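In the numbering used here, the protein residues as written are 64 to 272.
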């Protein structure tokens with residue numbers, strides 16, 4: 064079994080300076096309804112979990128990979144700080160296997176952070192996302208469905224089930240679109256392609272109303 068992938072959880076809000084003229088600050092991340100304050104070192108590790116440009120799916124972004132990247136950047140105590148971020152649910156490890164992936168998806172949501180830019184006229188099965196006029200990532204139709212709609216559901220697993228039903232309803236036949244487990248596994252395996260450029264973030268599931 065391959066090592067689980069490491070993902071950040073939360074929506075970055077940026078630095079907060081409580082006193083005018085003072086360099087003292089924290090970096091705030093929203094997780095669910097809570098604001099979490101991080102110091103610069105913890106924030107750097109949280110940011111590294113998003114992935115690094117040029118790091119492709121052939122090199123899985125695992126905890127070990129993040130620790131090595133942290134060491135290369137001169138960050139100290141990475142192992143202990145990663146433990147703390149995992150405990151505080153600012154990071155999550157996910158194995159690319161059905162049971163752990165579903166358990167992860169039942170506790171998290173996928174939120175879009177940029178715009179959908181439509182599909183490619185020369186390759187209509189591919190869709191782009193990014194700021195207006197600045198495509199950052201090209202994704203499949205199945206992944207774009209989740210980018211577009213997943214935040215409307217209470218959790219990512221519910222979103223995958225809804226997306227699979229919708230795909231079957233419009234006549235799609237490819238299993239990655241029509242089978243929720245396969246759709247989820249494909250998303251988990253490629254999720255760093257979306258978190259690295261900051262086009263999505265993970266959040267905790269919505270509490271039942």
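Virtual Cβ for every residue (Gly too), placed ideally from N, Cα, C. Predicted model, so just to flag it, every value in this text is computed and none were measured.
**Message:** Taking CB distances under 8 Å as the criterion, tell me whether residue 232 reaches chain C.
**Reply:** Among the chains in the structure shown there is no chain C, since it carries only a single protein chain.
**Request:** Entirely within the segment 205–240 and at least 4 residues each: give me those alpha helix (DSSP H) ranges in chain order.
**Result:** Residue ranges of uninterrupted alpha helix (DSSP H) with 4 or more members, entirely inside the segment 205–240 and ordered along the chain, are 219–232.
**Request:** Report yes if the C-beta distance between residue 198 and residue 180 is below 8 Å; otherwise report no.
**Result:** Going by C-beta atoms, residue 198 is nearer than 8 Å to residue 180.
**Item:** Cβ contact (3+ pairs, closer than 8 Å) linking the segment 254–270 and the segment 87–96
**Value:** Touching, yes.
**Item:** CB-CB length for residue 173 against residue 219, believed under 8 Å
**Value:** In this structure, residue 173 and residue 219 form a Cβ contact; the two beta carbons are roughly 5 Å apart against a cut-off of 8 Å.
**Asked** What number of angstroms, rounded off, separates the C-alpha of residue 66 from the C-alpha of residue 72?
**Response** Rounded to whole angstroms, residue 66 and residue 72 show a C-alpha spacing of 19 Å.
**Request:** Give a yes or no on contact between the segment 253–263 and the segment 183–202, applying the rule of three or more CB pairs nearer than 8 Å.
**Result:** Cβ pair count under 8 Å is three or more, so yes.
**Request:** Note down the Cα distance separating residue 217 from residue 142, rounded to an integer number of angstroms.
**Result:** Residue 217 and residue 142 have their C-alpha atoms roughly 32 Å apart.
**Prompt:** Since residue 151 and residue 99 are thought to touch, with beta carbons under 8 Å apart, how far apart are those beta carbons, to the nearest angstrom?
**Reply:** Right, their Cβ atoms sit about 7 Å apart.
**Message:** So the candidates are 242, 84, 85 and 83; which of them puts its Cα closest to the Cα of residue 165?
**Reply:** Comparing Cα positions, the closest option is 242.
**Asked** Looking at C-alpha atoms only, which residue of 167, 178, 176 and 246 is the closest neighbour of residue 204?
**Response** It is 246 whose Cα lies nearest to the Cα of residue 204.
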